[in-house]
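Take a look at the structure below.
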Amino acid sequence: MNITESLLGWYAQNKRPLPWRETREPYKVWLSEVILQQTRVAQGTDYYHRFVLAFPDVQSLASASEQEVLKLWQGLGYYSRARNMHHSAKEIVEKHNGIFPSSAAGLKKLKGIGDYTAAAIASICFEEPTAVLDGNVARVISRLYAVDTAVDSNSGKSILTDFANSLLDVDQSGTFNQAMMELGALVCSPRTPACYTCPLAFGCEALKQNKTGDFPVKTPKKVATVRYMNYLVISFVQNGEELVLMRKRTGKDIWKNLYDFPCIETENSIETNDLLVLCEKQDAFFGLPYVVKQVSPEYIHQLSHRRLLAKFIKVELDGIPAISSSLVAVTKEKIADLPLPRLIDRYLANLI
DNA sequence: AATGCGGGGTC
DNA sequence: GACCCAGCATT
């Protein structure tokens, strides 16, 4: 029995019935792969169902507005995935006549498709004999061969990809790739791998050395830095209707093209009185009389690479502000139509 | 090669 | 609290 056969035999018996495994349509496989980038199956599955329902094919996705796509992506994070997928859907429809590229090299030319996703779609949908390398595969292979090069370095990725390709069953590359990932997800887990039930235990170098905990080798991460977000929740009445100012986030910062409130970011925590001085200085209230209605407690919003400490100051203006183009004035009901970061969504849920 | 980008589950 | 998840783009 060799490693490849043992793996495929295990997979046939133990694979989970995941919805995207019921199809080989490139569109649906692509959608599933993008949703699952840095995202667990449990977190992404509902999003997959909602997307397939709302946009059943690449044409319907291409016809949608970016805001619709982002709204559907809301809460999943890494929003560039949604923007890039929408961009690529339009490219596939307009430049490729709605037909997906059938090679990994062709797929990689599309925005949002890198080494992993290109190999995944090419092998699963088109049987291209190329191995994928994701977090699961890196863990399995690094343990199997006791690879002590960091898996997040270029040389490490190259070594691991070569090993994976050397094991690849070229006649069923899509199945093989999914089997490797499934083994990593279900058996060869990060903390305490279930080696006693692993079909590859007989050939595992890390297990032989009793050092599964030493692999994969990774370069240490940096600690998350703090950002202080002082949000201004500015409302006013126009034509008998209460409106709230929202801001579309542009530029290279987090949450690009999602909506939050006007915000004064500071280097350190700031008292409300000092913040109001800053607001005056920056003309945040448009020179109108205002009343502070509420100051929220501090919200802690933990991201992988950032720790956001947010405060929300609710202010009512007496008058109608002359707003710039980056701001929109919306009714409370319409806020729900906008794509919102999780932090803003949490705050709004607490307002009642 | 290093950094930014989200959010949530798990131990 | 630390880790990490079917990674990618940019610099």
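Take any residue in the first sequence, count from 1 to its spot, add 18: that is its number in the working numbering. For each residue, glycine too, the CB sits at the ideal point set by N, CA and C.
Environment of residue i [buried if 16+ CB atoms lie within 10 Å]
{"i": "ASN154", "result": "buried"}
{"i": "VAL150", "result": "buried"}
{"i": "ILE370", "result": "Because ILE370 sits at a pLDDT of 45, beneath the cut-off of 50, its placement in the model cannot be relied upon, and the point is left open."}
{"i": "ASP271", "result": "exposed"}
{"i": "THR349", "result": "exposed"}
{"i": "MET19", "result": "exposed"}
{"i": "PRO44", "result": "buried"}
{"i": "GLU316", "result": "exposed"}
{"i": "GLU283", "result": "exposed"}
{"i": "LYS329", "result": "buried"}
{"i": "ARG209", "result": "exposed"}
{"i": "SER214", "result": "Contrary to the premise, residue 214 reads as Tyr rather than Ser in this sequence. By the neighbour-count rule (16 or more Cβ atoms within 10 Å), TYR214 is not buried but exposed."}
{"i": "THR237", "result": "exposed"}
{"i": "ALA30", "result": "exposed"}
{"i": "LEU321", "result": "exposed"}
{"i": "PRO74", "result": "exposed"}
{"i": "GLU146", "result": "buried"}
{"i": "PRO357", "result": "buried"}
{"i": "SER141", "result": "buried"}
{"i": "SER160", "result": "buried"}
{"i": "LEU71", "result": "exposed"}
{"i": "GLY174", "result": "buried"}
Proximity to residue i [Cα-Cα], best of the options
{"i": "GLU285", "options": "THR22, ILE159, TYR246", "result": "TYR246"}
{"i": "ASN183", "options": "THR210, SER171, THR148, ARG34", "result": "THR148"}
{"i": "ARG101", "options": "LYS113, GLU112, ASN115, SER83", "result": "SER83"}
{"i": "ILE318", "options": "LEU36, LEU162, ARG360, GLU145", "result": "ARG360"}
{"i": "LEU49", "options": "TYR65, ASN32, ALA123, ARG34", "result": "TYR65"}
{"i": "PHE144", "options": "GLY124, CYS297, ARG325, SER173", "result": "GLY124"}
{"i": "LEU204", "options": "LYS33, GLY27, PHE181, GLU23", "result": "LYS33"}
{"i": "HIS114", "options": "SER344, PRO211, GLN77", "result": "GLN77"}
{"i": "ASN195", "options": "SER207, THR179, PRO208", "result": "THR179"}
{"i": "LEU327", "options": "TRP273, LYS126, ILE353, ASN248", "result": "ASN248"}
{"i": "GLY130", "options": "GLY269, GLU51, THR230", "result": "GLU51"}
{"i": "LYS89", "options": "ASP301, ASN275, GLN300, LEU185", "result": "ASN275"}
{"i": "TYR134", "options": "LYS108, SER176, HIS104, GLU289", "result": "SER176"}
{"i": "GLU260", "options": "ILE341, LYS299, ALA347, ALA164", "result": "ALA347"}
{"i": "VAL165", "options": "LEU36, THR230, VAL70, SER287", "result": "THR230"}
{"i": "LEU36", "options": "ILE341, GLU200, SER342", "result": "GLU200"}
{"i": "GLY27", "options": "ILE288, SER342, THR193, SER287", "result": "THR193"}
Whole-angstrom distance between residue j and residue i, CA atom to CA atom
{"i": "ILE21", "j": "HIS67", "result": "34 angstroms"}
{"i": "ALA168", "j": "ASP363", "result": "38 angstroms"}
{"i": "THR57", "j": "PRO339", "result": "41 angstroms"}
{"i": "VAL235", "j": "GLU223", "result": "14 angstroms"}
{"i": "LEU128", "j": "SER106", "result": "6 angstroms"}
{"i": "GLY202", "j": "VAL158", "result": "6 angstroms"}
{"i": "GLU40", "j": "ASN291", "result": "58 angstroms"}
{"i": "LYS240", "j": "HIS323", "result": "8 angstroms"}
{"i": "ARG267", "j": "CYS281", "result": "10 angstroms"}
{"i": "CYS216", "j": "ARG42", "result": "28 angstroms"}
{"i": "GLN61", "j": "MET198", "result": "20 angstroms"}
{"i": "PHE181", "j": "ALA137", "result": "15 angstroms"}
{"i": "ALA219", "j": "LEU225", "result": "7 angstroms"}
{"i": "ALA122", "j": "ILE139", "result": "7 angstroms"}
{"i": "GLU351", "j": "CYS206", "result": "47 angstroms"}
{"i": "VAL295", "j": "ASN368", "result": "27 angstroms"}
{"i": "LEU162", "j": "THR243", "result": "36 angstroms"}
{"i": "PHE303", "j": "PRO211", "result": "57 angstroms"}
{"i": "SER81", "j": "LEU345", "result": "26 angstroms"}
{"i": "MET264", "j": "ASP278", "result": "6 angstroms"}
{"i": "TYR308", "j": "GLN92", "result": "32 angstroms"}
{"i": "ILE353", "j": "GLY258", "result": "18 angstroms"}
{"i": "ASP152", "j": "GLY337", "result": "55 angstroms"}
{"i": "ASN228", "j": "GLU86", "result": "51 angstroms"}
{"i": "LEU79", "j": "LEU366", "result": "29 angstroms"}
{"i": "SER24", "j": "GLN55", "result": "27 angstroms"}
{"i": "TRP38", "j": "ASP232", "result": "33 angstroms"}
{"i": "SER287", "j": "LEU293", "result": "10 angstroms"}
{"i": "SER14", "j": "ASN172", "result": "Because the chain spans 19 through 370 in this model, residue 14 falls outside it and cannot be assessed."}
Proximity test, residue i beta-carbon vs the ligand GTP heavy atom, cut-off 6 angstroms
{"i": "SER121", "result": "Absence of the ligand GTP is noted for the structure shown, with no ligands found whatsoever."}
- Query: Does the pairing of the region 186-194 with the region 248-263 give three or more beta-carbon distances under 8 angstroms?
  - Reply: no
- Query: Taking three-plus beta-carbon pairs below 8 angstroms as touching, is the region 302-314 in contact with the region 332-343?
  - Reply: yes
- Could you pull out every unbroken beta strand (DSSP E) segment of at least 3 residues lying fully inside the region 294-351, listed in chain order? 308-313, 317-320, 324-335, 345-348
- Message: Using 8 angstroms as the cut-off, can you tell me whether the region 89-98 makes contact with the region 113-120, which would need three or more C-beta pairs spanning the two stretches below that distance?
- Response: no
- Could I get the ranges of all uninterrupted alpha helix (DSSP H) runs contained in the region 231-307, with 4 residues as the minimum, in chain order? 290-299
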